[in-house]
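What follows is a short report on a single structure.
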Amino acid sequence: MQKLENYITGQWITGDGNGQLLVNAVNGDGIAVATTKGLDFKSMLEYGRSVGGPALRKMTFHERGRMLRALALHLLEHKEKFYRVSYKTGATRLDSWIDIEGGVGNLFANASLRRKFPNESFCLDGESHNLSKGGTFIGQHILVSKEGVAVHINAYNFPIWGMLEKIAVNLLAGVPAIVKPASITSFLTEVVVKEIDASGILPKGALQLICGSAGDLLDHTTSQDVITFTGSASTGLMLRSQKHLLEENVPFNTEADSLNCIILGTDVTPEMPEWDIFIKEVRKEMTVKAGQKCTAIRRIFVPENKLEDVHIALGRALSQTTIGNPENEKVRMGAMAAKSQVEDVKKHVHELLKTSKLIYGDMENFDVIDADKIKGAFLSPLLLLNENPFDSNDVHTIEAFGPVSTLMPYNKIDDAIELAKKGKGSLVSSIVTADNKIAKNYVLGASTYHGRILVLNNECAKESTGHGSPLPLLTHGGPGRAGGGEEMGGVRGVKHYMQRVALQGSPSMLAAITNVYHAGGKQTEHDKHPFKKYFEELNIGDTLITAKRTITEADIVNFANLSWDHFYAHTDHTSLEGTLFEKPVAHGYFIMSAAAGLFEMRRKDLYYSTMVLMNYALQNLFMQAAQSE
Amino acid sequence: MKEKIDQEKKETDEVAKGIVKWYVEVYDETNETVAVSTILTMVKKLG
Numbered sequence: 001m002q003k004l005e006n007y008i009t010g011q012w013i014t015g016d017g018n019g020q021l022l023v024n025a026v027n028g029d030g031i032a033v034a035t036t037k038g039l040d041f042k043s044m045l046e047y048g049r050s051v052g053g054p055a056l057r058k059m060t061f062h063e064r065g066r067m068l069r070a071l072a073l074h075l076l077e078h079k080e081k082f083y084r085v086s087y088k089t090g091a092t093r094l095d096s097w098i099d100i101e102g103g104v105g106n107l108f109a110n111a112s113l114r115r116k117f118p119n120e121s122f123c124l125d126g127e128s129h130n131l132s133k134g135g136t137f138i139g140q141h142i143l144v145s146k147e148g149v150a151v152h153i154n155a156y157n158f159p160i161w162g163m164l165e166k167i168a169v170n171l172l173a174g175v176p177a178i179v180k181p182a183s184i185t186s187f188l189t190e191v192v193v194k195e196i197d198a199s200g201i202l203p204k205g206a207l208q209l210i211c212g213s214a215g216d217l218l219d220h221t222t223s224q225d226v227i228t229f230t231g232s233a234s235t236g237l238m239l240r241s242q243k244h245l246l247e248e249n250v251p252f253n254t255e256a257d258s259l260n261c262i263i264l265g266t267d268v269t270p271e272m273p274e275w276d277i278f279i280k281e282v283r284k285e286m287t288v289k290a291g292q293k294c295t296a297i298r299r300i301f302v303p304e305n306k307l308e309d310v311h312i313a314l315g316r317a318l319s320q321t322t323i324g325n326p327e328n329e330k331v332r333m334g335a336m337a338a339k340s341q342v343e344d345v346k347k348h349v350h351e352l353l354k355t356s357k358l359i360y361g362d363m364e365n366f367d368v369i370d371a372d373k374i375k376g377a378f379l380s381p382l383l384l385l386n387e388n389p390f391d392s393n394d395v396h397t398i399e400a401f402g403p404v405s406t407l408m409p410y411n412k413i414d415d416a417i418e419l420a421k422k423g424k425g426s427l428v429s430s431i432v433t434a435d436n437k438i439a440k441n442y443v444l445g446a447s448t449y450h451g452r453i454l455v456l457n458n459e460c461a462k463e464s465t466g467h468g469s470p471l472p473l474l475t476h477g478g479p480g481r482a483g484g485g486e487e488m489g490g491v492r493g494v495k496h497y498m499q500r501v502a503l504q505g506s507p508s509m510l511a512a513i514t515n516v517y518h519a520g521g522k523q524t525e526h527d528k529h530p531f532k533k534y535f536e537e538l539n540i541g542d543t544l545i546t547a548k549r550t551i552t553e554a555d556i557v558n559f560a561n562l563s564w565d566h567f568y569a570h571t572d573h574t575s576l577e578g579t580l581f582e583k584p585v586a587h588g589y590f591i592m593s594a595a596a597g598l599f600e601m602r603r604k605d606l607y608y609s610t611m612v613l614m615n616y617a618l619q620n621l622f623m624q625a626a627q628s629e
Numbered sequence: 630m631k632e633k634i635d636q637e638k639k640e641t642d643e644v645a646k647g648i649v650k651w652y653v654e655v656y657d658e659t660n661e662t663v664a665v666s667t668i669l670t671m672v673k674k675l676g
């Protein structure tokens, strides 16, 4: 059997020994062997730090963003190759779409994020703060790329998305990565990394891959590295509590599977569009990717008086789930990633059945299309019912990581909030309601225990990205059971891989360091009008002190007439007593317009030689009451 | 001049340009600041 290759220190290398046999989830056929035995893990980190890191840090955010875009386009060209291999993980075309094109979408989203950053290798974080009476001492947070490696330990359910959603962010931040996908589906990650390598788009050392055990890799990490872990809560705990990581203060981000819930609002009746939206969302979350999603709905809370109707409607919806060979077009739910995962789910369902009962599906008796049920890792969707969710802890803590969910009743929305919280922290929760008040109560009551909340109703359902989809511009993670971490989230996710420094000094010094002018900094006047200078010729601190202009009452009246802004503060001479004003004041917009005019005035030649193409925007406008003479 | 933001060319025949941020202060006759803002202009590049 062929061994998967590991991509380390710029080379594709196979490990020693027999390794772990990886099999096709649909028919049990062997695919490849994963082994990392004998690999020098320490050298991987050193290679990333000494080769990949410096190359990425030399690039600006804009260059890194364009690199991500090129990579996204390249991978899309080769996507059909990935789809073909992905079937072997048990995934349907739709499941693979989430993994492949969802992953590439993360590259595109982070590529576009470059526009939120300067064309520099570092960036400012927030505004500067004046720290002195005389204005000669200020503070400004800046962010610089960490000098280590992002070590990503990923779950088996999304071998491609799991890698791309993470490396898109660390690469934009200027940090190289080592990816360690879960072994059982690492054959798919390997195919993608080979394609990334073949493209030559990433600098050397920017990405390395481990297909198999991570050996002693974590023992060599330092505070400049960042470890991210996606997987079960128990493995996360075992990894992050290693003494070395605690001693070295190695940043560790955990994203663990959680007992995510959906709430049906008390206002929703079977006649409302929200009813079908709810049923469809639950069915989708239970069956997409055979329920193997860290965000999947595990707990379904519905008003007690709707319990039976929901039970019937869900049963009907789930009965449309055709199970079998994902390559067959009739199949809606493919196989789980491995038979061992099926056994694991069954074990957990048995535990849940001590306090719940099975109301849809059968663990053994179900049909599969175009596949061998014995050889493949198949399971039917299983809907459980627990009528006393306040009396049971198991249903809120035992996770069956497959097409399994438990239906439970509640009375008031406050009860639903309490029940949601019994999951001890979740990645996501959804509420389906058309009632603004119910939605607000739920969101404000349940937010402390969730990383993301989706409020679904008829207004947004059609365009909603759904309960289960983490998005590149929104945070993904959750408190407590969900791991306590945060990934992605647009600009804030990038900061995860950068060191924030509170920089203090004089405004001129900080301007020189950051390439941004700070109030109070040195201003330099030149003979040449700044509007006559090309972009490249302008320097931070270049200043134009304009001529003066007297603002008259006639100016104010004229501006009021021109703009139709006859607000009393600009026009009323007789009854300003008791107001903020003593006499009519000039319009703030007039002051800014006059300033723009003064910029241009007295330089007739300017009109013929200006490099300014147009005014682009006005930001942060603050106005004091300017009174006329 | 407060800050320069480079702009990429979307099409090859486009004029090369960048965004320039101007920190603007307006003073009254007593030299007191009456308005502060940041004006952004689009400026031609040499190349």
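If you read the sequences in order, they're chains X and Z.
Residue numbers are given in this note's numbering: position 503 of the first sequence equals residue 503, and the series is strictly consecutive.
Plus 629 on top of the position in the second sequence (first one is 1) and you've got this note's numbering.
Each residue gets a CB set at the ideal place from its N, CA and C atoms; glycine is no exception.
Measure from the C-beta of residue i to each C-beta in chain X and report whether the shortest distance is under 8 Å.
| i | result |
| --- | --- |
| threonine 667(Z) | yes |
| glutamate 640(Z) | no |
| threonine 659(Z) | no |
| glutamate 637(Z) | yes |
| glutamate 632(Z) | yes |
When you compare only the Cα positions, how much space is there between residue i and residue j?
| i | j | result |
| --- | --- | --- |
| leucine 454(X) | asparagine 515(X) | 40 Å |
| leucine 246(X) | leucine 45(X) | 18 Å |
| phenylalanine 252(X) | arginine 49(X) | 18 Å |
| lysine 424(X) | phenylalanine 301(X) | 16 Å |
| leucine 675(Z) | tyrosine 534(X) | 6 Å |
| glycine 402(X) | serine 666(Z) | 56 Å |
| lysine 583(X) | lysine 146(X) | 56 Å |
| glycine 103(X) | leucine 68(X) | 12 Å |
| histidine 529(X) | glutamine 224(X) | 46 Å |
| glutamate 661(Z) | isoleucine 138(X) | 21 Å |
| lysine 639(Z) | isoleucine 648(Z) | 15 Å |
| serine 609(X) | glutamate 537(X) | 14 Å |
In this structure, how does DSSP classify residue i when only helix, strand and coil are distinguished?
| i | result |
| --- | --- |
| methionine 509(X) | helix |
| methionine 59(X) | coil |
| isoleucine 413(X) | helix |
| arginine 452(X) | coil |
| phenylalanine 158(X) | coil |
| asparagine 458(X) | coil |
| glutamate 271(X) | coil |
| arginine 49(X) | helix |
| glycine 588(X) | helix |
| glycine 493(X) | helix |
| alanine 634(X) | In the structure displayed, chain X extends from 1 to 629; residue 634(X) sits before or after that span and is not available. |
| aspartate 16(X) | strand |
| serine 234(X) | helix |
| tyrosine 83(X) | helix |
| glutamine 341(X) | helix |
| isoleucine 431(X) | strand |
| threonine 524(X) | strand |
| serine 628(X) | Here the model assigns serine 628(X) a pLDDT of 48, short of 50, so the residue's position is not dependable, and the following value carries that caveat. Looking at serine 628(X) - three-state DSSP - the assignment turns out to be coil, as it is neither helix nor strand. |
Spell out the partners DSSP gives residue i in its beta bridges.
| i | result |
| --- | --- |
| arginine 299(X) | Cys261(X) and Thr406(X) |
| aspartate 555(X) | Answer is none; aspartate 555(X) lacks a bridge partner. |
| tryptophan 651(Z) | Ile668(Z) |
| methionine 498(X) | Ser145(X) |
| glycine 139(X) | His129(X) and Gln504(X) |
Using beta carbons (cut-off 8 Å, strictly below), is residue i in contact with chain Z?
| i | result |
| --- | --- |
| histidine 62(X) | yes |
| leucine 618(X) | yes |
| tyrosine 711(X) | An answer regarding residue 711(X) cannot be provided, because it is not within the stretch 1 to 629 covered by chain X. |
| isoleucine 540(X) | yes |
| isoleucine 591(X) | yes |
| glycine 588(X) | yes |
| phenylalanine 535(X) | yes |
| proline 584(X) | no |
| proline 507(X) | no |
| valine 612(X) | yes |
| phenylalanine 622(X) | yes |
| query | Given a limit of 7 Å on CB to CB distance, which residues of the segment 542-558 of chain X reach chain Z? | reply | Here the close residues are Asp542.
| field | chain Z contacts from the segment 99-123 of chain X (Cβ-Cβ distance under 7 Å) | value | Result list: Pro118 and Asn119.
| field | Contact residues within the segment 257-283 of chain X, judged by C-beta distance below 8 Å to chain Z | value | Of all residues in the segment 257-283 of chain X, none has a Cβ within less than 8 Å of some Cβ in chain Z.
| said: By the 8 Å beta-carbon criterion, what residues does the segment 121-152 of chain X contribute toward chain Z? | reply: Correct list: empty, as no residue qualifies.
| Closer than 8 Å, Cβ to any Cβ of chain Z: which residues of the segment 438-462 of chain X, in chain order? | Under the 8 Å Cβ criterion, the segment 438-462 of chain X contributes no residue.
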